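These notes concern the structure reproduced below.
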Amino acid sequence: MRAMHASEARANFAAVLDAATEDNDEVVITRSGGKEAAVVISLREWEAMKETAYLLSNAANAAWLAKGIAQAEAGQTETRELIDTDDVTEDPDA
């Protein structure tokens, strides 16, 4: 995470955007006069944060995800072969 004053960010705006989008870096923009700072992040990062917040907003879903993470950390995982959709028929009785 980088921090810079608003005047520096303004003078180097393209570089700030490149840092956020190409380097996946968060850039904190500080301001004078005790004004609240802001953060520049990539759209991809913003969408990921919103998706995570949405998934964790439901208690049952959050518990299910936490259980899965705990299982993975404990090495309780399985490797499965992916299904080739070209081999799947429309009719399950065929």
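Take the sequence shown: its letters are residues -11 to 82, numbered as in the numbering used here. All C-beta atoms, glycine included, are put in the ideal place defined by N, C-alpha and C. This structure is a prediction, so every number in the text was calculated from the model and none was measured.
Proximity of residue i and residue j at Cβ, strictly below 8 Å
| i | j | result |
| --- | --- | --- |
| A8 | V15 | yes |
| V4 | V27 | no |
| D13 | M(-11) | yes |
For residue j and residue i, believed in contact at Cβ under 8 Å, the rounded distance
| i | j | result |
| --- | --- | --- |
| T18 | A(-9) | 6 Å |
Identity of the residue in the options nearest residue i by Cα
| i | options | result |
| --- | --- | --- |
| D11 | S30, N49, Q64 | S30 |
| E66 | D72, G56, D74 | G56 |
Cα-Cα separation, residue i to residue j
| i | j | result |
| --- | --- | --- |
| R(-2) | E39 | 30 Å |
| A47 | Q59 | 18 Å |
| W34 | N49 | 21 Å |
DSSP state of residue i mapped onto helix, strand, coil
| i | result |
| --- | --- |
| I57 | helix |
| L(-8) | Strictly speaking, residue -8 in this sequence is Met, with Leu absent from that position. M(-8) falls in the strand class under three-state DSSP. |
CB contact check: residue i to chain B, cutoff 8 Å
| i | result |
| --- | --- |
| M37 | In summary, chain B is missing from the structure at hand, where a single protein chain is found. |
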